[in-house]
């Protein structure tokens, strides 16, 4: 601080050490999550192109990681609550490294498509377990740093790191694929989370709750399933873009196939940084309603697009709409459970989004085989509309708090 600088003129991170720790954690997450983002446009091209398999198998190659994430969310939440969020993140990053290395071995096996696909799925499953641990652990760690009253902001900032990685990872993954091939992309994917592991070694963790009383997992699930259903419906639009946008561009003969996730990610990050405070200020349900309406429009635009510019605009609008749904509904979840159940509840909540990601790939692949890729985005628009209606119902069902006259 300069001699004439007042204390309140210092950067926010300097005035608030907790905020500074959260920003460092967010940066670590961004770097590490490129492991997932680099592979999203690359895996379907590898499966459908190099291995000569169809859209369903390409969707399954992407969706297998999300399936592993779904199945391990309960474990990840309990692990984070009992052993600590920092340990959960470290374990997850190690799974990322292992998954990247196993996936790398699929490249030299491309002469034998089924062997290569089996190895690829094994690597994707490891990455999926890593995503479960990292996702739950980082959110619990971040909320533990700044407190539940700022949970919406934490979720917004962490999501910005995730989808910022998607925005950067799409074109970077395709550029690496052109230069180094599939195995080169996977090698980079294994290196980045290793950097994250080194970065968190000296970071201070948050307290664990190893001996706290815990209700059955189904009891926690019963408290938050409606909020989870909204996030699941929102996730279909993103999963459709992640699995089929690049294939759609290739089929149409349009340039810049890798910019779909970039357009989505730019819209997503723009809203997260500019409007990430809205769930804490206005409540999660109202913010989610407006967001889902925008997502529905974006997916409908993708469905009707007749040129690449319109399609990219649809992806951008989808990113704008998807951006605040998870933090908005996650804020609702955080306030429904006790602190010692936070990791478990967030794990269950995130599993609903994973369901959308995991099932959209293969099911939308079947749809694409019959009606083309446009039908996939029509499905995404319909799902967003259904999420909007569910949120309206939740808001109407919320009890009205009456204040006494003063």
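In my numbering, the protein residues as written are 8 to 413.
Even glycine gets a Cβ: it sits at the ideal position worked out from N, Cα and C.
Keep in mind that this is a model prediction, so the values were computed, not measured.
Check the Cα spacing between residue 336 and each of 233, 317 and 262: the tightest is with 233. Per DSSP, residue 339 is one residue of the alpha helix (DSSP H) stretching across 332-341.
The beta carbon of residue 278 lies closer than 7 Å to those of 327, 330 and 331 in the same chain, with the five residues before and after it left out. At least 9 Å separates the beta-carbon of residue 39 from that of residue 161. Assignment of residue 118 by DSSP, reduced to helix, strand and coil, places it in the coil class. In the three-state scheme derived from DSSP, where H, G and I count as helix and E and B as strand, residue 345 is classed as coil. The Cβ atoms of residue 37 and residue 172 sit closer than 9 Å to each other. Assignment of beta strand (DSSP E) within the segment 162-188, counting only whole runs of 3 or more residues, yields no such run. Counting along the chain, residue 51 sits inside the alpha helix (DSSP H) bounded by residues 49-52.
Membership of residue 328 in the alpha helix (DSSP H) is indicated by the continuous run 315-329.
Apart from the 5 residues on each side of it in sequence, residue 323 sits with its Cβ closer than 6 Å to the Cβ of 270 and 274 in its chain, given in chain order. Taking a cut-off of 8 Å for Cβ pairs, the segment 42-52 and the segment 181-196 touch, as three or more such pairs fall below it. Residue 139 has its alpha-carbon roughly 6 Å from the corresponding atom of residue 79. Cβ contact annotation for residue 368 (same chain, cutoff 7 Å, sequence separation greater than five): 66, 67, 69, 70, 246 and 250, in chain order.
Around the beta carbon of residue 306, 16 or more other beta carbons sit within 10 angstroms, so the residue counts as buried.
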